[in-house]
Structure formats: C-alpha cells, structure tokens
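Numbering of the sequence shown is given in the working numbering, commencing with residue 1 and proceeding in unit increments. Everything below concerns the one structure shown next.
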Amino acid sequence: MSEVIRVDPEILGGTPCFAGTRVPVVSLFDALKHGRSIEYFLEDFPSVTREQVETLLDEAKAKTIPPVKVAL
C-alpha cells in the first residue's frame, strides 16, 4: 500500500485516509471530479500536504496508465 494512504479500523471505520490525518483519500478525487483545484482541496484540508497529494496522484497514474513502448 502507498506511503501516503493509511487504513486503520480505528479511523473512520477503516476508510483509506491520508497518512497522519482523518481525511479520506476519496475526498481528493471528489474535489477534482467537481472541478476544484488542488489548492482549494489543501485549503479545506490543511492537515494534508501538497507532497501527499502529488504522491497519491503519481501513484494512481502509475497504476492506471500503462507505460508506452517506443519502437526504435
């Protein structure tokens, strides 16, 4: 599992949250889905760092978009 995501049954019933916070990861994706910026999200959830958001997005990208093979 990601370094930025923690799942703890004692925190929000095991909902995946940003490490060290009680902020569900899904809240970031919901904010982005509704056209809100990362800055807006970080203002609403100051316990989440920009580094956590960027790492999570990089990990999501790496897991969902296969690398492109270029023929030489």
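Every residue gets a Cβ at the ideal spot worked out from N, C-alpha and C, and that includes glycine.
Subject >> Local Cβ density within 10 Å of Leu72, reported as buried at 16 or more and exposed below that >> reply: Classification for Leu72: exposed.
Original post:
With Leu95 and Arg50 assumed to form a contact (beta carbons below 8 angstroms), what rounded beta-carbon distance in angstroms separates them?
Top reply: Here the chain covers residues 1 to 72 and nothing more, so residue 95 does not appear.
**OP:** Express the C-alpha separation of Gly14 and Pro67 in angstroms, rounding to a whole number.
**Re:** One C-alpha to the other measures close to 32 angstroms.
Subject >> Whole-Å CB distance - Val48 paired with Phe29, under 8 angstroms assumed >> reply: Actually they do not touch by this definition, with Cβ atoms about 13 angstroms apart.
Original post:
Around the C-beta of Leu56, are 16 or more other C-beta atoms found within 10 angstroms, so that it is buried, or is it exposed?
Top reply: Under this definition Leu56 is a buried residue.
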